[in-house]
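In terms of this note's numbering, the sequence shown opens at residue 27 and continues consecutively.
All C-beta atoms in this analysis are idealised placements derived from N, C-alpha and C, irrespective of residue type, glycine included.
Computed from a predicted structure; not experimentally measured.
Report on the structure given below.
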Amino acid sequence: MSVALNEAVSFIKSKTRIQPEIGFVLGSGLGAFAEQIQEKVVIPFQDIPGFSRSNVVGHAGELIIGRLGEKKVAVLKGRVHFYEGHSPEEVVFPVRTLIKLGIHTLVVTNAAGGLDKKMKPGELMVITDHINLTGQNPLIGKNDESLGTRFPDMSEAYDKKLSQKLFSLLKKLKIRSSRGIYCGVTGPSYETPAEVRYLRKIGGHAVGMSTVLEVIAAKHMGARVVGLSCITNLASGILKQPLDHKEVTETAKIVEKNFVKVLKEFIKSL
């Protein structure tokens, strides 16, 4: 793993002199934030050694490195998913690469289905914790001690101070928001109404098909993590209508102004 990561890092460093300190993963339809970056270098995933191509609508599949104000940032505009046929190691490889590049803080975002009937499409949810229901873990197999310990602590997967700072900022900006637990599933089929009832009973507030594996890998390598879900729809069975990925990307597009605003303000505070 370390050899492959070093190859990816060397390639990226050959394209830019900027050494990023904060990393972002942008979920479905949330790529507008990347347009705010100055002095940017854009590298397609398929050009980077070890990276896999993203084939999902709403995921550009680009690494963007540059500056946002005084901060040096690296942005994964889109991600690869386990349901596309990638292994857990391939899913988390881009995040591991960002940390190897030098980032100390990772902001993960996603589009998610709301499990709380009080939620509204377009609401932003600060992730306080997650439940990994994928049946996968990127740390299975021989542990690479150069990346992290064999048994990483996950008692604070999402940094409490950063999460509180993000939530307070959302309130200050008067953006409809909440805090909650994200349930990570494999997809690509949406959940059944029975599965949604189960997710609510075990304490979930939102459900999606990404993020949890990336967060495990990031914590394994010692990064601080903060997470933000864009609630694009209410999960199956809560409303009397079928679910469609088009609705996910369209709702994310509607809220992109608030999404960009809060992330720009948040990065200033770091």
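Pick out whichever of the options has its Cα sitting closest to the Cα of residue i.
i, options, result
"Met247", "Ala58, Glu171 and Thr237", "Glu171"
"Arg176", "Arg226, Glu221 and Ala243", "Ala243"
"Leu31", "Lys126, Val238 and Leu195", "Lys126"
"Ile48", "Ser40, Val101 and Glu33", "Val101"
"Glu65", "Thr42, Thr123 and Pro75", "Thr42"
"Asn163", "Lys144, Gly95 and Phe119", "Phe119"
"Lys143", "Gly57, Gly95 and Arg226", "Arg226"
Hey, would you say residue i sits closer than 8 Å to residue j, going by beta carbons?
i, j, result
"Thr160", "Gly210", "yes"
"Lys97", "Ile280", "no"
"Leu260", "Pro114", "no"
"Ile91", "Pro147", "no"
"Asp155", "Ile228", "no"
"Val133", "Phe50", "yes"
"Thr135", "Gly53", "yes"
"Lys287", "Leu199", "yes"
Counting along the chain, where does the beta strand (DSSP E) carrying residue i start and finish?
i, result
"His246", "Element bounds for His246: not the beta strand (DSSP E) but the alpha helix (DSSP H), Val238 to His246."
"Lys198", "No beta strand (DSSP E) holds Lys198; the alpha helix (DSSP H) holding it covers Lys186 to Lys198."
"Thr175", "Segment: none, Thr175 is in no beta strand (DSSP E) and carries neither H nor E."
"Gly234", "Ala232 to Gly234"
Would you list the residues sitting across from residue i in a DSSP beta bridge?
i, result
"Gly49", "Ala100 and Leu132"
"Asp155", "Ile207"
"Arg202", "In DSSP, Arg202 forms no bridge with anything."
"Val67", "Ile91"
"Leu254", "Thr135 and Val152"
Kindly indicate the opening and closing residues of the alpha helix (DSSP H) around residue i.
i, result
"Asn32", "Ser28 to Lys39"
"Val281", "Where Val281 is concerned, there is no enclosing alpha helix (DSSP H), given that its DSSP letter is neither H nor E."
"Lys227", "Pro219 to Lys227"
"Arg105", "Counting along the chain, Arg105 falls outside any alpha helix (DSSP H), and DSSP gives it neither H nor E."
"Leu127", "Pro114 to Leu127"
Contact between the stretch 225–233 and the stretch 138–146 (3+ Cβ pairs under 8 Å): yes
Three-pair Cβ contact test at 8 Å for the stretch 99–118 versus the stretch 69–82: yes
Touch test, the stretch 184–193 against the stretch 248–257, Cβ-Cβ under 8 Å, three pairs minimum: yes
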